[in-house]
Amino acid sequence: MDKFLPESPRWLLTKGRLLEANDILHNLARVNGTEIPSEFCMKMHSQIERQKSMICEDDKSGPNVLDLFKTPNMRLKTCLITLNWFANNMVYVGLSYYGPALGNEEHLSFFFSSLAEIPSYLACWFVMDRLGRRWPLCFCMVIAGASCIATVLLPSDAVLSTLILFLLSKSAISASFLIIYPFAGELYPTQLRGIAIGFSAYISGLGLIIIPFVTYLGKDNLVLPLVIMGIISVIGGVSGLRLPETLHHRLPQTIEEGESFGKNWTCADCCQFSPSSLPNKSTSYQDFSFSDDIGLDKVQDALFGDKVKQKNLQRLVRQSSVMDTQRDSDGSLKMTYWF
282 MDKFLPESPR
292 WLLTKGRLLE
302 ANDILHNLAR
312 VNGTEIPSEF
322 CMKMHSQIER
332 QKSMICEDDK
342 SGPNVLDLFK
352 TPNMRLKTCL
362 ITLNWFANNM
372 VYVGLSYYGP
382 ALGNEEHLSF
392 FFSSLAEIPS
402 YLACWFVMDR
412 LGRRWPLCFC
422 MVIAGASCIA
432 TVLLPSDAVL
442 STLILFLLSK
452 SAISASFLII
462 YPFAGELYPT
472 QLRGIAIGFS
482 AYISGLGLII
492 IPFVTYLGKD
502 NLVLPLVIMG
512 IISVIGGVSG
522 LRLPETLHHR
532 LPQTIEEGES
542 FGKNWTCADC
552 CQFSPSSLPN
562 KSTSYQDFSF
572 SDDIGLDKVQ
582 DALFGDKVKQ
592 KNLQRLVRQS
602 SVMDTQRDSD
612 GSLKMTYWF
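FYI, in my numbering the residues of the sequence shown are 282 to 620.
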């Protein structure tokens, strides 16, 4: 099936493979029954010709997982993302395993455990595009952890109260589990996104090895596994406050942009609720609202049609960035395309 799936134009452009990216974009326009504006085609064609005339040696090695740890800010973000992913994965799966052990009827307990995820997914879908990713992620993880830890305060025969706190924690951790995937993808730069997400997901998978031993502790103490998972969830939620908000921010493309994204954040920024403008803004890509001078609004209209409303353009930057004109050190034009 891989042969029928096109490569990401964004990734191809970061690798300098303009011809392949150009073919995919034209195929996208053909499938949608539209045409890419001629002005845009001319700019792309000129950049392809300029690339052909340049004599440079390609970097055969390419980015690797070590690039995640070479610079301090990228290293910190990688560790925090991986820690959050590990905590989410471990607690979510652990609560799913432990659900039948609570309540008087294990089948009903498991059913309610699964049912508790549905409202959290629906609410999370609405909240993510309005309040951002960082605070909902941290809030849900802390609520899930606090609900688990609170079970230790209940008497041993309070089965119903324990089950209610369990369902609350399961609903909250399900929401954060949904947020961590797009949040991590928006924090990692395009050049390393596939490698970085694979690395974080692999490390988080180690929690699946540990969690059966944690749930087994419930044989002697029913709430002990919940307390352990609660502590892990709270640690992950609090540490996530250091990660920069990505809502309405342009995606980092290169490793350098990934390093500068959120680099100068302070403790005050970590505690700020509403998304704020980051001090370091890359000039290699920009929002649709600044693209009138280069005609990229026509490209967007041609590819996506009139169904895309103006109010959604700010959010579309997460999926489709744009192009601007840069200059090399010698003053010559340097066209950089981001889609």
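By construction, the Cβ of each residue, glycine as well, lies at the ideal position given by its N, Cα and C atoms.
Same chain, Cβ closer than 8 Å to residue i, neighbours up to 5 away in sequence not counted
i	result
SER437	LEU503
LEU396	none
SER613	Residue placement at SER613 is flagged as unreliable, the pLDDT there being 43, under the threshold of 50; the coordinate-derived value follows with that caveat. Excluding sequence neighbours, SER613 sits near nothing in its chain.
Residues of its chain near residue i, where Cβ-Cβ distance is below 7 Å and the 5 sequence neighbours each way are ignored
i	result
ILE509	VAL495
ILE461	ASN365, TRP366, ASN369, LEU418
LEU435	SER442, THR443
THR527	ARG414, PHE464, GLU467, LEU468
ALA431	LEU446
Neighbourhood of residue i by C-beta distance below 6 Å, restricted to the same chain and skipping five residues each side
i	result
LEU449	SER428
LEU522	CYS419, CYS551
VAL515	VAL423, GLY426
PHE458	ASN369, TYR373
SER289	none
Extent of the continuous alpha helix (DSSP H) run through residue i
i	result
HIS228	No answer is possible for residue 228: it lies beyond the span of the chain, which begins at 282 and ends at 620.
GLU387	387-396
VAL423	415-431
ILE478	474-485
GLU243	Since the displayed the chain opens at 282 and closes at 620, residue 243 lies outside it and no answer follows.
ALA368	353-379
LYS451	440-468
Cβ neighbour criterion (16 or more within 10 Å) applied to residue i
i	result
LYS500	exposed
GLU320	exposed
LYS351	exposed
LEU376	buried
SER327	exposed
MET325	buried
ASN303	buried
TYR497	exposed
ILE490	exposed
LEU286	exposed
LEU389	exposed
SER487	The residue you asked about is not Ser; residue 487 is Leu in the sequence shown. Exposed, by the Cβ-count rule.
GLU540	buried
THR471	buried
ALA456	buried
GLU316	exposed
TRP406	exposed
ARG474	buried
Integer-rounded CB distance, given that residue j should sit under 8 Å from residue i
i	j	result
SER452	GLU387	Incorrect: roughly 19 Å between the Cβ atoms, too far for contact.
ILE476	ALA465	With a Cβ gap of about 12 Å, ILE476 and ALA465 do not count as contacting.
CYS421	ILE445	CYS421 to ILE445, Cβ: 17 Å. No contact.
LEU361	LEU524	6 Å
THR363	SER520	In fact, because the Cβ distance is near 10 Å, the residues do not count as touching under 8 Å.
ILE512	MET371	The Cβ separation is near 11 Å, so there is no contact.
ASN385	VAL312	That pair is no contact at about 56 Å.
Three-state secondary structure (DSSP) of residue i
i	result
SER558	Legend: pLDDT at SER558 = 48, less than 50; position of this residue unreliable, value from coordinates given subsequently. Coil, per DSSP.
ARG531	coil
LYS324	helix
SER437	coil
THR496	helix
PRO488	The residue asked about is misnamed: residue 488 is Gly in this sequence, not Pro. Correct three-state label for GLY488: helix.
SER514	helix
GLY521	helix
LEU294	helix
ILE399	helix
PRO287	coil
ASP257	As displayed, the chain neither begins before 282 nor continues past 620, which places residue 257 out of reach and without an answer.
TRP406	helix
LEU412	helix
ASP578	Reliability of the predicted coordinates at ASP578 is poor, the pLDDT of 48 falling under 50, and no value is obtained from them.
ILE317	coil
THR606	Reliability fails at THR606, whose pLDDT of 38 lies under 50, so the model's placement of it is uncertain and the value that follows must be treated cautiously. Correct three-state label for THR606: strand.
THR471	helix
PRO344	coil
LEU349	helix
Below-9 Å beta-carbon distance, residue i vs any chain C residue
i	result
GLN553	No chain C is present in this structure, which holds just one protein chain.
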